[in-house]
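Written below as structure tokens is the structure these notes are about.
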Amino acid sequence: MGIQRAVLLIADIGGYTNYMHWNRKHLAHAQWTVAQLLESVIDAAKGMKLAKLEGDAAFFWAPGGNTSVLVCDRPPQMRQRFRTRREQIKKDHPCDCKSCEQRDNLSIKFVAHEGEVAEQKVKRNVELAGVDVILVHRMLKNEVPVSEYLFMTDVVAQCLDESVRKLATPLTHDFEGIGETSTHYTDLATSDMPPAVPDHSFFGLLWADVKFEWHALPYLLGFKKACAGFRSLGRGATEEPAEMG
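Using this note's numbering, the letters of the sequence shown correspond one by one to residues 182 to 426.
Listed below in structure tokens is the structure:
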């Protein structure tokens with residue numbers, strides 16, 4: 182398979198490890214919640230393909246995509262969907278188990294890079310390969326001093342409009358196996374808008390709670406793992422194309 186130039190983006194849930202450290206019932210609630218949050222992020226990634234689901238993160242790519250559009254527009258939209266879904270779950274399911282008490286500590290951050298990738302087939306799976314794929318994953322371990330951010334390489338920052346680029350703070354990182362790399366980050370919390378969450382009637386809340394426990398049951402019994410079986414994961418899923426550069 183040929184080499185392609187692509188925008189690479191990873192959406193990573195922060196606070197995931199602490200959130201999952203509870204007993205089996207709490208873990209079932211946590212797994213269902215994380216699956217819902219990741220699905221909301223995936224559904225908001227218009228114009229991008231899901232390359233892989235990686236536990237608490239979703240790895241996207243957009244071959245030939247418009248870097249400015251994808252990096253400036255998608256992360257804020259994905260974060261807003263994430264926050265809205267988190268608040269909706271909290272409102273619909275006022276559970277006081279140890280897991281659900283930690284929901285507000287879940288956050289989301291993004292790392293972005295643009296580079297060359299190759300599709301590599303391993304048995305029935307198709308994986309992305311290349312130095313740029315390694316780099317965007319190395320970027321998850323960084324020194325960005327805020328909890329919710331868009332962290333990007335210089336090659337991405339240079340594609341952004343000047344008005345957007347000047348809002349980013351420069352940082353130089355020494356990534357393992359890559360070396361010194363010029364990077365930039367923006368604090369997503371500076372553009373906070375409270376998520377709009379609709380109210381439900383008493384019976385609506387009761388029905389939502391029944392559905393919550395029902396959907397969490399397969400996780401409780403060990404029949405299902407978090408993030409398995411997303412409807413959005415099929416490679417043939419309908420995608421809304423992004424503007425092309």
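Glycine is no exception: its CB is placed at the ideal position from the N, C-alpha and C atoms.
Cα-Cα separation between Lys-302 and Ala-211, rounded to whole angstroms: C-alpha of Lys-302 to C-alpha of Ala-211: approximately 33 Å in a straight line.
Pull up the CB-CB distance for Gly-195 and Ser-328, whole angstroms please, since I reckon it's below 8 Å. Confirmed, Cβ separation roughly 6 Å.
Could you check where the beta strand (DSSP E) with Ser-363 kicks off and where it finishes? If you look at Ser-363, you'll find it in the beta strand (DSSP E) that goes 360-368.
Whole angstroms is fine: what's the gap from Glu-343's alpha carbon to Val-317's? Computed Cα separation, rounded: 23 Å.
When burial is assigned at 16 or more other CB atoms within 10 Å of the CB, is Asp-313 buried or exposed? Looking at its Cβ environment, which holds 16 or more other Cβ atoms inside 10 Å, Asp-313 is buried.
When you compare the CB of Val-317 with every CB in chain B, is at least one pair closer than 9 Å? Here there is only one protein chain, and chain B is not present.
Specify the secondary structure class of Pro-379 as computed by DSSP and reduced to three states. With a pLDDT of 48 at Pro-379, under the threshold of 50, the modelled position of this residue cannot be trusted, and the question is left open.
Contacting residues, own chain, Cβ-Cβ under 7 Å from Thr-248 (five flanking each side not counted): Cβ-Cβ distances below 7 Å link Thr-248 to Val-188, Glu-295, Val-337, Cys-340, Gly-426 in the same chain, with the five nearest sequence neighbours on each side left out; the list follows chain order.
Please list, in chain order, all residues of the same chain as Tyr-330 whose beta carbon is under 8 Å from its beta carbon, the five residues on each side excluded. Closer than 8 Å at Cβ, skipping near neighbours: Lys-290, Phe-291, Tyr-366, Thr-367, Asp-368, Leu-369.
Just the C-alpha distance for Val-298 and Pro-326, rounded to the nearest angstrom, thanks. Roughly 29 Å between the two C-alpha positions.
List in chain order: all unbroken alpha helix (DSSP H) runs of 4+ residues lying wholly within the region 271-346. Counting only runs of at least 4 residues, the region 271-346 fully encloses the following alpha helix (DSSP H) elements, listed from N- to C-terminal order: 312-319, 335-338, 343-346.
In this structure, how does DSSP classify Leu-234 when only helix, strand and coil are distinguished? Residue state, collapsed to three classes: strand.
Looking at the structure shown, is Leu-189 part of a helix, part of a strand, or coil, going by DSSP? Three-state result, Leu-189: strand.
Alpha-carbon spacing of Leu-231 relative to Ile-223, whole angstroms: A straight line joining the alpha-carbon of Leu-231 with that of Ile-223 spans about 8 Å.
Please confirm whether any heavy atom of the ligand HEM lies closer than 8 Å to the CB of Asp-237. In the structure on display, the ligand HEM does not appear, and there are no ligands present to speak of.
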